[in-house]
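Just so you know, the protein sequences line up as chains A, B and C, in that order. Numbering of the first sequence is given in the numbering used here, commencing with residue 90 and proceeding in unit increments. Numbering of the second sequence is given in the numbering used here, commencing with residue 399 and proceeding in unit increments. Numbering of the third sequence is given in the numbering used here, commencing with residue 13 and proceeding in unit increments. Don't be surprised by glycine CBs; every beta carbon is placed ideally from N, CA and C. Since the model is a prediction, treat every value here as computed from it, not as a measurement. Shown next, in structure tokens, is the structure this report addresses.
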Amino acid sequence: MDPRALARFRTHRGAIVGTAIVGSLVIMAALGPAVLGLDPMTSDFTAGSGAEGEPVGPSAAHWLGTDAIYRDQLARLVYGARLSLAIGVAASALSLFIGTIAGMAAGYWEGRTVGPAPLRISPDGIIMRMVDIGLCFPFLILVMAIGAALDETTVWTVLIVLGSTSWLGTARIVRSQTMRVRDLDFVTASRALGARTPLVLVRHVIPNVAGTLIVLGTISVAQMILAESALSYLNLGLPPPTPSWGHMLLEGQRYFAGAPWLLAAPAGAIVLAVMGFNLLGEGLREALDPRESRT
Amino acid sequence: MIRGCRLRRTWARAGMVASMLLSAAGCEGLQGPVGERREGPPQRGGTLELANYGDVRALDPAVSFDQVAIPFLQLIFTPLVDYDKHGHIVPLLAQSLEMSPDGLHYAFRLREGVLFHDGQELTAGDVKRSIERALDHETPCPAPSFYASIAGYEGFHDGIKDAAGKLVFAPHLEGVVIEGRYALRIDLSEPDATFLPALTLYFLAPVCPSAGSKYARDWNNRACGSGPFRLESWSASREIVLRRHDGYFEPGLPYLDGIRWSLLVPPLSQRFKFEKGELDHLRQMHAHDLRTYRSDPRWQPFGQWEPAKGVEAVFLNTRMKPFDNVELRRAFAAAVDWKRVVAARPDTVAATQVLPPAVTGHDAAFAGQTYDPKRALAHMNRAGFPFDPATGRGGYPDPFTFVVPTDTAVAEAFAPILQQQLAKVGLRMRIKQVSYTAYLAETSQRNRAALGYQGWTMDFPDASDFFEPTLSSEAIQDEESQNRAFFSDGELDALLKRAHRELDPAARGAMYKRCEEIVRDQVPLSIGFYSRWYELTQPYVHNYAVDGKHTEDVRAVWIDAVVRGGKLTALGSKKGDRMAALRPWGRR
Amino acid sequence: MGAALTMVRIVVRLGWAIFSIWAVVTLAFFLNHGLPSDPARAVAGPQARPADVARIRTQFGLDRSVWTQYRLFAGRLVHRASAEPNAKAHASCESFGPLHLDLGTSYQRRKPVFRVIADRFPRTLHLALAALVVQLVIGVAAGVIAAARRRSLWDRGTMTMSLVGISAPTFLVGILLQYVIAYRLRWLPLDGYGTTSSEHVASIVLPALTLGIVGAAYFARLARSEMIEVLGMDFVRTARAKGVGPVGVVVRHALRNALLPLVTALGLDFGVLMGGAVVTEKLFRWPGMGQLSVDAVFDRDAPVILGVVILTSSMIILANLLVDLSYALLDPRTKAGRAG
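Structure follows, in structure tokens:
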């Protein structure tokens, strides 16, 4: 990695904080469940309840209290970290993958057509039209359609839904970056010398957009975590008893007025995680693609 | 270095603000009731403020069948007969009712001088017109089959194929006979014990002459009947305002000037408004709020439980693996401790039988399916899948899927507990959450769902309404089966057929009791729980009737305007004082 | 010559726009049909007996093949007002001059879809505009001031708050606002729409804030980074050297140049807002299109779903078109690039 970029990253305050947050999240997700030893799926009916059977707050046995059916909240939070991170990263990767391919194709062939004479098509035109259509397709129907086609809501359907609806923005950005790179002198020279398209793409375009992609990917993880919580709030996300943060938010909302810790814990976790990834993304952007070169 | 300190201070400040906000959110005392209850003669006047989480789609009684609309229909229309608070059917619009000994003829004598909301007098001709309007073949009525026993129904509603193969519909329903200006007779083609209970529903309730004799879609917005209140305005998805019908046939009733019903109000907002005194009644609240109100001594005199009107259970598909094996079904029933399951929610009570408490025939002493883990293991053994709890080996090898609609107590709170309990006897259950419409579609198709949620609320408080649509062989269909367990038992079918025609209440009761026993032993359903509503009213609301037969019955409510206006305030509630003082006298 | 070329381009884009809308609607139609469920059952209720549901299904024409249903739907969508309108057949049509637009009748609400949407559309529009105002006023102002006073407390505070703002789920912000301002402080109504104009204004504040805060945070950061870039440019230094005061520099010189990306983001954002801020509308009981579309999807009320899809896709595509056009107008560089 470019040593100057590394130096810029190290001195950027936000980047440090972001890395710290994301790092501790990853550690919590990886090791937490084993360290805690508590099962997020088992109801502890001896956890004691209030006068009318309501869940109790933080106690010695349950550091963050129990949820509505007496499952340990801390265990669910930690386990949910694993889920949220996994979904966030995987959905980001999917969206980035599709978006990059589409964006590069559109940007590289922008203004040009390909194919033998009678079948000339414009990849850019087709892809951009797909983006247009995709952007205004009602999200809800798409979510339910995918869920129905795959017969139930699982981690995979949520992944597919999130990934396949968010590649559009990436495609746009990658397209404009590709167009910028394509018109640079050394790329034109390389093509004039007879380099074939795939070679040009791999050797020149990808390295130049890599910085943008890394930044996009990081920020995309943040957005995926938020999107998953929104899906769960509308009850279209992961089914019970999986302890996804979004679902914990939904359950906790019902107890907001009386047992706020049920809402506060997942809310705080989501806000913190998203902040961390946003900060990290900004730090990366400053390091890899500093403002001076972005005019 | 200095920059780092400043950053940490900003974070610290943000953290302080956040925790302050959260603690402000957490610690709050429950507001006390507005005013206090004074006994006295009923007062006339005032507008009742109510709210509902749902939205009303249709107020035309001929087509309206959703639970949200029932309280409104209750106020705008009057059926011929109704349940009194002891659970007996008494004439309401009719003055008297005579049934012939063979149960085939019902003679109604209508009250004289009953006025519709538009001022026209209600005669027997209007009753016949309204009945025919609802049962017409072009009306999208969701429940005409309830009245299939009326003579001439087939010719009028289903139509008869003529020689050329075309469907011909009779112009009138011959079973409804006008015998005089205020006299009506309804003939049935066979004795039907469910006829009078079905008549208490609002489908056939008389509608104003403006409704005509054929259903028209736009009359929905001008719904007009002969009930104690008339529809003054309906702002779609926002509110419905009703005004007193001065020509109501009960002298002196209704007491209220009007009722304003806000629609689509979330439970949390309802609670907030109720505390501020902007709502006079609260029944849709979150579980936690319910617990808080129940345990607060200031509120206890003003809350009551409505007897449960529906039963919720888990159906086990008797035609699909694994539950085509009756021993596995029995193992299931014995493995589930419903009392423990439903303890997670305060508004649910473990059920013992199919009929809920509000329905005639519910026997509080009936011994239903019981929790017995040892017996469950014995059943597993007999089924051929022994399970050893110590090692966790054995049990039924394949997991099965439990289909449940989202956003229900079962999906979120109960299913995970069921999962844990079943695992202890070697039954592995997966939870599949789907949207409500998808749930309806999936669970009613043959060979699709092995296990799922089944809930049934009463249409009318009669046992046949519970057993026949959900457990009889006739209800089995390939695509639209409401008998989700696809349960077919010869003895049960025979009993249900006989009970449908049996007019002696004691004999009927014995037959349905035997039906309960069959369900308990054959386990097409693991009978779970009843959901009931906790009804909370402000102290100045009187006569709010809570029985099992009506829903949110505010027909005879009166408001103590003096208390509500703020002259008398609750003791020890400073906020109550300030609130009450702010409210102007008689604004409503 | 240049003008004629631009006109041709505009017409081509318009043609593509109409094609896109048609594609979206057709896709939605068949997708909706493929979902497992039964609108007739949704109308009749879960307790209606199958025979009665079958009757309703026939009455709604739902027992015909999907191709027939699509043909009927597409055929009636836009048609010429016939010389002698049969009142019953055109019961759900809206006339626009010589043309009729027929979006059908909602299964659940039993009203013409056009009326149902026309009732709700202005309210979502108001909410979207109000949220946009919040984003602009709070976001851009905060960002611009932060850029002008770099490294001050204001700058740090804005950055931190905006970071929290873009990291919080919308309904969380909404719940907090509702609880603190409406419930504890009682400054504003809890939810709903109100009946008088002043009540409308009071009711829109919280949902607009909820929707707007996230966008405001985003805009603050965007405005700040754009302004910082522009403030570092030569012509600004020249203006300062000439003695133009700091406010003048910011407003007259810098802002105009920073406007372009902001306008782009604004235009796209508006499209998204209009798409229906579902969660916010649900939380604040705002009777807009978001709530309508959620209900319609869960009820499988196909006419309403398709009506909403037609409307929102048209608006988003139109918004994109306008943004592209204004881009061409505002940025001299692109026009030059095109002409060359």
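Please check if any C-beta of chain B sits within less than 8 Å of the C-beta of residue i.
i, result
"residue 309 of chain A", "no"
"residue 81 of chain A", "Given a span of 90 to 384 for chain A in the structure shown, any question on residue 81 of chain A remains unanswerable."
"residue 157 of chain C", "no"
"residue 356 of chain C", "Because chain C in this structure spans residues 13 to 352, residue 356 of chain C falls outside the shown range and cannot be described."
"residue 348 of chain A", "yes"
"residue 6 of chain C", "There is simply no residue 6 of chain C to check, as chain C begins at 13 and stops at 352 in what is shown."
"residue 168 of chain A", "no"
"residue 202 of chain C", "yes"
I want to see whether chain C comes within less than 8 Å of residue i, judged by CB atoms only; does it?
i, result
"residue 618 of chain B", "yes"
"residue 765 of chain B", "no"
"residue 221 of chain A", "yes"
"residue 464 of chain B", "yes"
"residue 364 of chain A", "yes"
"residue 671 of chain B", "yes"
At least one CB of chain A closer than 8 Å to the CB of residue i: is that the case?
i, result
"residue 178 of chain C", "yes"
"residue 32 of chain C", "yes"
"residue 477 of chain B", "no"
"residue 965 of chain B", "Here the model assigns residue 965 of chain B a pLDDT of 44, short of 50, so the residue's position is not dependable, and the following value carries that caveat. Not closer than 8 Å to any Cβ of chain A, the Cβ of residue 965 of chain B fails to qualify, so no."
"residue 17 of chain C", "no"
Our contact map puts residue i next to residue j with C-beta atoms below 8 Å; I'd like the distance itself, whole angstroms only.
i, j, result
"residue 175 of chain C", "residue 297 of chain A", "Rounded, the Cβ-Cβ distance is 29 Å, inconsistent with contact."
"residue 104 of chain C", "residue 126 of chain C", "7 Å"
"residue 670 of chain B", "residue 934 of chain B", "At roughly 14 Å, the Cβ-Cβ gap does not stay under 8 Å, so residue 670 of chain B and residue 934 of chain B are not in contact."
"residue 642 of chain B", "residue 649 of chain B", "Between residue 649 of chain B and residue 642 of chain B the Cβ distance is about 13 Å, and since that is not below 8 Å, they are no contact."
"residue 180 of chain A", "residue 364 of chain A", "Residue 180 of chain A to residue 364 of chain A, Cβ: 19 Å. No contact."
Open item on the list: My parser needs the alpha helix (DSSP H) runs of 4 or more residues fully inside the stretch 244-324 of chain A; what are they?
Closed with: The qualifying runs are 244-271, 274-281, 286-289, 295-322.
- [ ] Report the residues of the stretch 216-247 of chain C with a CB closer than 8 Å to any CB of chain A, ordered along the chain.
- [x] Listed in chain order, the positions of the stretch 216-247 of chain C with a beta carbon within less than 8 Å of a beta carbon of chain A are 237, 240, 241.
- [ ] Could you list the residues in the stretch 548-562 of chain B with a C-beta less than 7 Å from some C-beta on chain C, going in chain order?
- [x] Answer set for the stretch 548-562 of chain B: empty.
Task: Any 3 or more C-beta pairs closer than 8 Å across the stretch 710-724 of chain B and the stretch 873-884 of chain B - done: Remark: three or more beta-carbon pairs, one from each stretch, lie closer than 8 Å, so the stretch 710-724 of chain B and the stretch 873-884 of chain B are flagged as touching.
TODO: Mind the definition here: the stretch 155-163 of chain C touches the stretch 231-244 of chain C only if three or more C-beta pairs lie below 8 Å; say whether that holds.
DONE: Under the three-pair Cβ rule at 8 Å, the stretch 155-163 of chain C counts as touching the stretch 231-244 of chain C.
Open item on the list: Could you tell me which whole beta strand (DSSP E) segments of length 3 or greater appear in the stretch 577-645 of chain B?
Closed with: Taken in chain order, the unbroken stretches of beta strand (DSSP E) that lie wholly in the stretch 577-645 of chain B and span 3 residues or more are 581-585, 627-633, 637-642.
TODO: Using a Cβ-Cβ cut-off of less than 7 Å, give me the residues of the stretch 787-810 of chain B that come near chain A, in sequence order.
DONE: So the close ones are 804, 805, 809, 810.
TODO: Count the CB pairs spanning the stretch 607-626 of chain B and the stretch 466-474 of chain B that are closer than 8 Å, and state whether there are at least three.
DONE: Taking 8 Å as the limit for Cβ pairs, the verdict is that the stretch 466-474 of chain B does touch the stretch 607-626 of chain B.
TODO: Please go through the stretch 113-173 of chain C and give each complete beta strand (DSSP E) segment of 3 or more residues, from N-terminal end onward.
DONE: You should have found no qualifying run.
Task: Stretch-stretch touch, CB-based, cutoff 8 Å, three pairs: the stretch 429-439 of chain B with the stretch 691-711 of chain B - done: They touch, by the three-pair rule.
TODO: Please specify which runs of the beta strand (DSSP E), each continuous and at least 3 residues long, are wholly inside the stretch 452-517 of chain B, giving them in chain order.
DONE: Those beta strand (DSSP E) runs which fall completely within the stretch 452-517 of chain B and span 3+ residues are 479-481, 487-489, 492-497, 503-508.
Task: At least three beta-carbon pairs within less than 8 Å, the stretch 172-186 of chain A to the stretch 293-311 of chain A - done: Output reads yes: the stretch 293-311 of chain A touches the stretch 172-186 of chain A.
Open item on the list: Does the stretch 320-333 of chain C come into contact with the stretch 223-242 of chain C, if we say contact requires no fewer than three beta-carbon pairs (one atom in each stretch) closer than 8 Å?
Closed with: As far as the Cβ criterion goes, the stretch 320-333 of chain C does not touch the stretch 223-242 of chain C, which means the pair count is below three.
Task: Cβ contact (3+ pairs, closer than 8 Å) linking the stretch 458-473 of chain B and the stretch 551-566 of chain B - done: Put simply, the stretch 458-473 of chain B does not touch the stretch 551-566 of chain B. Fewer than three CB pairs are less than 8 Å apart.
Task: Cβ contact (3+ pairs, closer than 8 Å) linking the stretch 440-457 of chain B and the stretch 923-933 of chain B - done: No, the stretch 440-457 of chain B is not in contact with the stretch 923-933 of chain B.
TODO: For the stretch 317-341 of chain A, enumerate the residues whose C-beta is nearer than 9 Å to any C-beta of chain C, in chain order.
DONE: Those residues of the stretch 317-341 of chain A that come within reach of chain C (Cβ to Cβ, closer than 9 Å) are 318, 319, 322, 323, 335, 338.
TODO: Give the residues from the stretch 893-915 of chain B that approach chain A closer than 9 Å (Cβ to any Cβ), ordered along the chain.
DONE: So nothing in the stretch comes that close.
TODO: Mind checking the stretch 122-134 of chain A against chain B and listing, in chain order, the residues whose C-beta falls within less than 8 Å of any C-beta there?
DONE: Of all residues in the stretch 122-134 of chain A, 130, 131, 132, 134 have a Cβ within less than 8 Å of some Cβ in chain B.
- [ ] Answer yes if the stretch 660-669 of chain B comes into contact with the stretch 677-687 of chain B, meaning at least three C-beta pairs across the two stretches below 8 Å, and no otherwise.
- [x] Counting Cβ pairs under 8 Å, three or more are found: they touch.
TODO: Mind the definition here: the stretch 582-597 of chain B touches the stretch 484-502 of chain B only if three or more C-beta pairs lie below 8 Å; say whether that holds.
DONE: They touch, by the three-pair rule.
- [ ] Name, going along the chain, the residues of the stretch 59-90 of chain C whose beta-carbon falls closer than 9 Å to a beta-carbon of chain B.
- [x] Residues passing the 9 Å Cβ filter: 59, 60, 61, 62, 63, 64, 65, 66, 67, 68, 71, 72.
Open item on the list: Please list, in chain order, the residues of the stretch 594-621 of chain B that have any C-beta partner in chain C closer than 9 Å.
Closed with: Flagged, chain order: 615, 616, 618, 619.
Task: Cβ contact (3+ pairs, closer than 8 Å) linking the stretch 162-179 of chain A and the stretch 350-362 of chain A - done: Touching, yes.
Open item on the list: With three or more beta-carbon pairs closer than 8 Å as the criterion, would you say the stretch 830-850 of chain B touches the stretch 788-803 of chain B?
Closed with: Because the criterion of three Cβ pairs below 8 Å is met, the stretch 830-850 of chain B and the stretch 788-803 of chain B touch.
TODO: Run through the stretch 667-754 of chain B for me and flag every whole beta strand (DSSP E) of 3 or more residues, listed as ranges in chain order.
DONE: Note on the stretch 667-754 of chain B: whole beta strand (DSSP E) runs with a minimum of 3 residues are 701-703, 708-714, 746-748, in chain order.
Task: Length-filtered (3 minimum) beta strand (DSSP E) runs lying within the stretch 786-852 of chain B - done: Inside the stretch 786-852 of chain B, DSSP marks whole beta strand (DSSP E) runs of 3 or more residues at positions 798-803, 827-832, from first to last along the chain.
Open item on the list: Closer than 8 Å is the cut-off here; do at least three beta carbon pairs connect the stretch 838-857 of chain B with the stretch 55-66 of chain C?
Closed with: Flag = yes, the stretch 838-857 of chain B and the stretch 55-66 of chain C touch.
Task: At least 3 beta-carbon pairs within less than 8 Å: the stretch 524-537 of chain B vs the stretch 598-614 of chain B - done: The stretch 524-537 of chain B vs the stretch 598-614 of chain B: in contact.
- [ ] For the stretch 157-198 of chain A, list the alpha helix (DSSP H) runs that are entirely contained and at least 4 residues long, ordered along the chain.
- [x] List check, alpha helix (DSSP H) in window: 162-197.
Open item on the list: Contact between the stretch 299-307 of chain C and the stretch 122-139 of chain C is defined here as three or more beta-carbon pairs at a separation below 8 Å; is this criterion met?
Closed with: The stretch 299-307 of chain C, when compared against the stretch 122-139 of chain C, does touch it at the 8 Å Cβ threshold.
Open item on the list: Does the stretch 757-764 of chain B come into contact with the stretch 784-794 of chain B, if we say contact requires no fewer than three beta-carbon pairs (one atom in each stretch) closer than 8 Å?
Closed with: By the C-beta criterion, the stretch 757-764 of chain B is judged not to be in contact with the stretch 784-794 of chain B, since fewer than 3 inter-stretch pairs fall below 8 Å.
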